[in-house]
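Participant: For the sequence shown, the UniProt record's numbering begins at 1 and goes up steadily by one.
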Amino acid sequence: MNLATLHLPTRQLRQVLAFDALAGAGLAALHLALAAPLAAWFGLSEALLTAMGWALPVYALLAGLLARQRTPSRAWLLLLVLGNLGWALACLALAWGGTGVTPLGQAYLTAFAVAVLVLADLEFLGWRAPGLRPAV
1 MNLATLHLPT RQLRQVLAFD ALAGAGLAAL HLALAAPLAA WFGLSEALLT AMGWALPVYA
61 LLAGLLARQR TPSRAWLLLL VLGNLGWALA CLALAWGGTG VTPLGQAYLT AFAVAVLVLA
121 DLEFLGWRAP GLRPAV
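(1) Can you tell me where the alpha helix (DSSP H) holding Ala-36 begins and where it ends?
(2) Return the residue from the list Phe-42, Ala-21, Val-58 that minimises the CA-CA distance to Leu-94.
(3) Using the rule of at least 16 other Cβ atoms within 10 Å of the residue's Cβ for burial, across every protein chain shown, is Val-114 buried or exposed?
(4) Identify which residue in Val-16, Ala-23, Met-52, Pro-72 has its Cα closest to the Cα of Leu-32.
(5) Ends of the alpha helix (DSSP H) at Leu-62?
(6) Suppose the cutoff is 7 Å on Cβ atoms and the five residues either side in sequence are ignored; what does the same chain contact list for Tyr-108 look like?
(7) Can you give me the Cβ contacts of Leu-49 inside the same chain, cut-off strictly under 7 Å, excluding the 5 residues immediately before and after it?
Written out as structure tokens, the structure reads:
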């Protein structure tokens, strides 16, 4: 196997998507339940953490729906991958370009971005797999 043909089989892709959905739901609960203390610890605004908390369930729902499909849709999977890339870039920009972000906040956002990039990579490898449905 070489990099040009490397892909993630559908079964493993569905497991990655299920993990992604659970992680997203857990982080949403964390952000919504603890927005005020997290804001103080991370040097981020409470409104931003709350907004992240409300955005994550939408993402988790899509990942969960794709995980439940016997053969996930390539179009929706690509949307998920691109969303992950955008989320990771936003986290890194905020961590290292934002004002007032504490070292703990930088560490959290950087770890968040790295985890999201790993998931994006695995989901992209699944997107490359032969046999996925081309459309919704």
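Don't be surprised by glycine CBs; every beta carbon is placed ideally from N, CA and C.
It should be emphasised that the depicted structure is a prediction, and the values quoted were computed from it without experimental measurement.
Facilitator: This is what the structure gives:
(1) Indexing the sequence shown from 1 puts residue 36 at position 36. Its alpha helix (DSSP H) spans residues 35-42.
(2) Counting from one through the sequence shown, the residue named residue 94 turns up at place 94. Looking at the Cα atoms, Phe-42 is the closest of the given residues.
(3) Mapped onto the sequence shown, residue 114 falls at position 114. Burial call: exposed.
(4) Position 32 of the sequence shown, counted from the first residue, corresponds to residue 32. With distances taken between Cα atoms, Leu-32 lies closest to Met-52.
(5) In the sequence shown, the residue the question calls residue 62 occupies position 62. From DSSP, the alpha helix (DSSP H) with Leu-62 extends over 46-68.
(6) By one-based count along the sequence shown, residue 108 stands at place 108. Once the five neighbours on either side are set aside, the close Cβ partners of Tyr-108 are Phe-42.
(7) Residue 49 sits at position 49 when you count from the first residue of the sequence shown. Answer for Leu-49: His-31, Ala-35, Leu-38, Ala-39, listed in chain order.
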